[in-house]
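A quick write-up on the structure given underneath.
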Amino acid sequence: MAGLSERIRALVRDDIAALAPYDPSFTPCAINLSANENTYGMPDAVREALASALAQAPTNRYPDPMAGDLRDQIAQWHGVPRGSVCVGNGGDELLFNFFLAFGGPGRRLLDCPPTFTVYDIYSRMVGTEVLRCWRDRETFGLDMGALLPMAARADMVIVTSPNNPTGNVIAPADAARICEACPGMVMIDEAYVEFADGDSSCEPLLQDHDNLVILHTYSKAFCLAGVRVGYVLAAPDVIDVLAAVRQPYSVDVLAQESARVVTAMRDEFLPTIARIRDERERLARGLAAIDGVRVWPSQGNFLLVRMSQAGIVRARLRDERSILVRDFSAAPGLQDCLRVTVGTPEENDELLDAIAELCKEAS
Ligand code: PMP
């Protein structure tokens, strides 16, 4: 952290003083394709149901700590017992609680970068050592030959599927091999799984692997990024552990109500999810057709692209076109890469147009 006074610097833990806060690099822009949100917005029928549910929410009372009704709905949806579900204030809170409970001094996380950087930040917050099994430099696939022996030495493994920001999914058979190799806990972060091909989820493995945790969020496919609700599925005793470390009222009354409405009406989101998948392929083809742009295949609602001077392109998109995308050009393994969220057809057209023009000018 920059700018700490000497007095506060002396009071804070050394490892915390060394942290930099997570920075989503947000600038208000007309077109925001930077945070992998669902830019199509809430379907009308769901918006109406939400308005009436929220109007009646008892905000004078504390929320149900474990969100029993929502938990039951999620359990039914996924075909698991209620004891296998824990909700949280976004996936982020559940990730932090996972680190709090299963990480800590003397323990090791196996991380598979380039990936979601929050894992690295949380492991440092709770003093967990990080082992890194780098993804293939060209394809960003997992190196299972290197990964399995490392998993055998780890207390926790996290694999993101689809991976943010590269879009790869892990084959469930490979996830099973990791669960078997690792003596500790294995999390498959499926924040974007709704955008992936139908058989991508590792959820069926829960039946045979008591060290597996599947993370889900309502932030992406289900348009609740601003509300903050996520959940994990795991064996009941793993859920008991997560329940013991959570802040009791972290998922508030409005968030529980919102997630209940969305869960009950989840099929309303299917047309938009299908649209985003189609647009992802169209956007990928459009980007790949631009001279000097490389695009990786993705199973998420985002695409990783490489072009020369990516940092400058990102700044010009923001400043001259009011289009915000995420800059990864300085991240290890992602030189000259940007991540673009798949938007509406109009947003994608504007993005394609702008990148084509900026790349032409640069050549
Ligand atoms: N996992 C991954 C891979 C993500 O990209 C994100 C959000 N960027 C999260 C988890 C957490 O999402 P949320 O806290 O909004 O549920």
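The sequence shown runs -8 to 354 under this note's numbering. Ideal Cβ placement from N, Cα and C applies to all residues, glycine included.
1) What is the rounded straight-line gap between the Cα of alanine 8 and the Cα of isoleucine 149?
2) In chain order, what residues of the same chain have a beta carbon less than 7 Å from the beta carbon of valine 232, not counting five sequence neighbours either side?
3) Closest to phenylalanine 319 by C-alpha separation, out of Asp134, Ala301 and Val286, would be which residue?
4) Within the present structure, is the beta-carbon of glycine 81 separated from the nearest heavy atom of the ligand PMP by less than 8 Å?
5) How long is the line joining the alpha carbons of proline 56 and valine 242, rounded to whole angstroms?
6) Below 8 Å, is the gap between the Cβ of aspartate 180 and the nearest heavy atom of the ligand PMP?
7) What would DSSP say about valine 160, mapped onto helix, strand or coil?
8) Closest to cysteine 77 by C-alpha separation, out of Ala235, Gly283, Phe293 and Val333, would be which residue?
9) Report the option in Met116, Trp125, Gly277 and Asn88 whose CA atom is closest to the CA atom of leucine 101.
10) Classify aspartate 180: buried if its beta carbon has 16 or more other beta carbons within 10 angstroms, exposed otherwise.
11) Considering only residues of the same chain and omitting the five flanking positions on each side of threonine 355, which have a CB-CB separation below 7 Å?
12) How should leucine 206 be labelled, buried or exposed, when 16 other C-beta atoms within 10 angstroms of its C-beta is the threshold for buried?
13) For the putative contact between phenylalanine 90 and serine 114, defined by C-beta atoms under 8 Å, what is the C-beta separation to the nearest angstrom?
14) Let me know the secondary structure DSSP gives glycine 118 once reduced to three states.
15) Would you kindly check if the distance between the Cβ of isoleucine 112 and the Cβ of leucine -5 is under 9 Å?
16) For glutamine 67, count the other beta carbons within 10 Å of its own beta carbon; 16 or more makes it buried, fewer makes it exposed. Which is it?
17) By Cβ distance, which residues of its chain are closer than 6 Å to threonine 106, with the 5 residues on each side in sequence left out?
18) Applying the criterion that 16 or more other CB atoms from any shown protein chain within 10 Å of the CB defines a buried residue, is valine 3 buried or exposed?
19) Between which two residues does the beta strand (DSSP E) carrying threonine 208 extend?
20) For phenylalanine 107, is the beta carbon positioned less than 8 Å from some heavy atom of the ligand PMP?
21) Tell me which same chain residues have a C-beta within less than 8 Å of the C-beta of cysteine 328, skipping the five on either side of it?
22) Alpha carbon to alpha carbon, how far is aspartate 14 from aspartate 6? Give it in angstroms, no decimals.
23) With a CB to CB cut of under 8 Å and the five nearest residues on each side skipped, what residues in its chain are close to asparagine 339?
Taking the coordinates as given:
1) 25 Å
2) Ala92
3) Ala301
4) yes
5) Cα-Cα distance, rounded: 7 Å.
6) Yes, since a heavy atom of the ligand PMP falls inside the 8 Å radius drawn around the Cβ of aspartate 180.
7) coil
8) Ala235
9) Trp125
10) buried
11) The shown model of the chain, from -8 to 354, leaves out residue 355, and the question about it has no answer.
12) buried
13) 6 Å
14) coil
15) For leucine -5 and isoleucine 112, no; Cβs fall outside 9 Å.
16) exposed
17) Thr151 and Asn154
18) exposed
19) 203 to 208
20) Correct: phenylalanine 107 has its Cβ closer than 8 Å to the ligand PMP.
21) Pro156, Leu295, Val296, Arg297, Ala301, Phe319, Ser320 and Ala322.
22) 18 Å
23) Glu270, Arg273, Leu274, Gly277 and Val333
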